[in-house]
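Enquirer:
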Amino acid sequence: MSLGIIDSYFQKLKDNLSVDCAIVGGGPSGLVAAYYLAKAGRKVSLFERRLAPGGGMWGGAMMFNQIIVQKEALPTLEVFNISYVPYEKSHYVVDSVQATSSLIYHATKAGVVIFNCVSVEDVVFQNEKVSGIVVNWAPVQREHLHVDPLIIMAKTVLESTGHDCEIANIVVRKNNVKLNTSTGEVIGERSLSVEEGERTTIENTKEIYPGLFVSGMAANSVSGSFRMGPIFGGMLLSGKKAAALIHNSLN
Ligand code: 48F
């Protein structure tokens, strides 16, 4: 039994030491991006610090496990076989547990390899380009153990880490570079504005530095836009857009 687990895990790790896209964070935008990239034939692995991928989608709003999705994102819900019920004009309610588990299920079935309990603590920075990620066990990071990390080489990296946009912050702080934002810096998240936040999540999904793309709430945090609360259409569409941008850049 142990040999089966160890051999197959190490095989999976070895197979993913070099990938087309390394996705940092398994929230909704990262999972959707991963799914579409894998469907397009790209080699994608996703690194999630927590035990369960899914990010902020499981908990609905204040742990009432329902979320809102707008009409524009219904085709994406259908791709993932997620049920929805009309709520008010152009808005639908969705069971957040079904939504989150469906994203994870379909992503892995499409060929995405998920490494959970793994934190991304830095990037590989070569020739003025983000060329990979630096990973360690999440408990090692949490306990501040002095243990060196491992490296995953990636043609592209997608930051989908949510509100804190950790990777963009690290890239700027450590390398003294300018990002593709209005100030060249990580501007930081603004307070809540639902419609504006949703719209700009998609707008701000882009390549922010050669080799480094950003999606979901991290996209708004990097570019200085609004949070939006428990409405998820923008996250799904941001993931889809990120996949298309990355797929094109890999061509
Ligand atoms: O925050 P999160 O759910 O990402 P998202 O796709 O979605 C945002 C919404 O959930 C919500 C919202 C909706 O209106 O505003 O907040 O932008 O998930 C981010 C995931 O990234 C993981 C983190 O544990 C979470 O599951 N994560 C963050 N930093 C790292 C990381 C890291 N350095 N390494 C690995 N995982």
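Numbering (the working numbering), first residue to last: 593 to 843.
All C-beta atoms in this analysis are idealised placements derived from N, C-alpha and C, irrespective of residue type, glycine included.
1. Since GLU640 is in the alpha helix (DSSP H), which residue starts that stretch and which ends it?
2. Compare the beta carbon distance of PHE818 and SER785 with 8 Å and say whether it is the shorter of the two.
3. Between GLN690 and chain D, is there a C-beta pair that is closer than 8 Å?
4. With distance defined between alpha-carbon atoms, name the residue in ASN768, GLU790 and GLY648 nearest to ASP756.
5. Beta-carbon within less than 8 Å of TYR676's beta-carbon, same chain only, minus the 5 sequence neighbours each way: which residues are those?
6. Which one or two residues does DSSP pair with ASN728 in a beta bridge?
7. Between the Cα of GLY831 and those of TYR628, ASP612 and LYS604, spot the shortest distance and give me the residue it belongs to.
8. Across which residues does DSSP place LEU804 in a beta bridge pair?
9. Which same chain residues, not among the five before or five after LYS770, have their C-beta less than 6 Å away from its C-beta?
10. Report all residues from its chain with a CB closer than 7 Å to the CB of LYS721; omit the five preceding and five following residues, and keep chain order.
11. Can you check whether the CB of MET745 is closer than 8 Å to the CB of VAL716?
12. Since ILE598 is in the alpha helix (DSSP H), which residue starts that stretch and which ends it?
13. Classify HIS839 as buried or exposed, calling it buried when 16 or more other Cβ atoms lie within 10 Å of its own Cβ.
14. So does the segment 699–713 actually touch the segment 632–646, counting three or more Cβ pairs closer than 8 Å?
15. Are the CB atoms of PHE805 and ALA834 nearer to each other than 8 Å?
16. Grab me the residues of LEU828's own chain with a C-beta within less than 7 Å of its C-beta, minus the 5 sequence neighbours each way, in chain order.
17. Cα-Cα, which of LYS604, MET820 and VAL712 is closest to ASP740?
18. Based on the DSSP output, what are the partners of HIS683 in its beta bridges?
19. Beta carbon of ALA691: closer than 7 Å to some heavy atom of the ligand 48F?
20. Which of helix, strand or coil does DSSP assign to ILE674?
21. For the ligand 48F, I want to know if VAL749 counts as a neighbour, meaning its beta carbon is within less than 7 Å of at least one of the ligand's heavy atoms.
22. May I have a chain-ordered list of the alpha helix (DSSP H) segments no shorter than 4 residues that lie completely inside the segment 753–783?
23. Relative to the ligand 48F, is the shortest distance from any of its heavy atoms to the C-beta of THR753 smaller than 7 Å?
24. Could you spell out where the alpha helix (DSSP H) holding ARG823 opens and where it closes?
25. Can you tell me whether ILE597 is buried or exposed, with buried defined as 16 or more other CB within 10 angstroms of its CB?
26. Examine the ligand 48F and report whether any of its heavy atoms sits within less than 7 Å of the Cβ of MET827.
Expert: On the basis of the coordinates in this document:
1. The count along the sequence shown starts at 1 and reaches residue 640 at position 48. It is not in any alpha helix (DSSP H) - GLU640 instead sits in the beta strand (DSSP E) that spans 636–640.
2. Position 226 of the sequence shown holds residue 818. Position 193 of the sequence shown holds residue 785. In this structure, SER785 lies closer than 8 Å to PHE818 by Cβ.
3. Any reference to chain D falls outside this structure, which holds one protein chain only.
4. If you number the sequence shown from 1, residue 756 lands on position 164. Measuring from the Cα of ASP756, the nearest candidate turns out to be GLY648.
5. Translated into the one-based positions of the sequence shown, residue 676 becomes position 84. Correct list, in chain order: VAL661, LEU666, LEU669, TYR684, VAL685 and VAL686.
6. Taking the sequence shown and counting its residues from 1, one reaches residue 728 at position 136. For ASN728, which the question treats as bridged, DSSP gives the partners SER711.
7. Counting from 1 along the sequence shown, the entry for residue 831 is found at position 239. Comparing Cα positions, the closest option is TYR628.
8. As a first step, residue 804 is located in the sequence shown; it is residue number 212 there, counting from the start. DSSP, once it has assigned bridges, lists VAL749 and TYR801 as partnering LEU804.
9. The residue you call residue 770 lines up with position 178 of the sequence shown. Correct list, in chain order: GLY776.
10. The count along the sequence shown starts at 1 and reaches residue 721 at position 129. Cβ within range, chain order: PRO802 and GLY803.
11. The residue given as residue 716 occupies position 124 in the sequence shown. The residue given as residue 745 occupies position 153 in the sequence shown. For VAL716 and MET745, yes; Cβs fall inside 8 Å.
12. The residue given as residue 598 occupies position 6 in the sequence shown. Element bounds for ILE598: 594–607.
13. Indexing the sequence shown from 1 puts residue 839 at position 247. It counts as buried.
14. yes
15. Within the sequence shown, the letter at position 213 stands for residue 805. Within the sequence shown, the letter at position 242 stands for residue 834. Yes, they are a contact pair.
16. The count along the sequence shown starts at 1 and reaches residue 828 at position 236. Taken in chain order, the residues that qualify are PRO620, VAL624, ALA665 and THR668.
17. As a position in the sequence shown, residue 740 is number 148, starting the count at 1. Minimum Cα distance to ASP740 is reached at VAL712.
18. Along the sequence shown, read from residue 1 onward, the residue named residue 683 stands at position 91. HIS683 pairs with GLN662 and GLU680.
19. Counting from 1 along the sequence shown, the entry for residue 691 is found at position 99. No, the beta carbon of ALA691 sits no closer than 7 Å to any heavy atom of the ligand 48F.
20. Along the sequence shown, read from residue 1 onward, the residue named residue 674 stands at position 82. If DSSP states are grouped into helix, strand and coil, ILE674 belongs with coil.
21. Locating residue 749 in the sequence shown gives position 157, where the first residue counts as 1. No, the ligand 48F has no heavy atom inside 7 Å of this Cβ.
22. 758–767
23. Position 161 of the sequence shown, counted from the start, is the residue given in the question as residue 753. Yes - the ligand 48F has a heavy atom lying nearer than 7 Å to the Cβ of THR753.
24. For the purposes of this step, residue 823 is identified with residue 231 of the sequence shown, where counting begins at 1. Before going further, note that residue 823 is Ile rather than Arg in the sequence given. Unbroken run through ILE823: none, as it is neither H nor E.
25. One-based indexing of the sequence shown puts residue 597 at position 5. Classification of ILE597: exposed, given that the 10 Å Cβ count is below 16.
26. The count along the sequence shown starts at 1 and reaches residue 827 at position 235. Yes - the ligand 48F has a heavy atom lying nearer than 7 Å to the Cβ of MET827.
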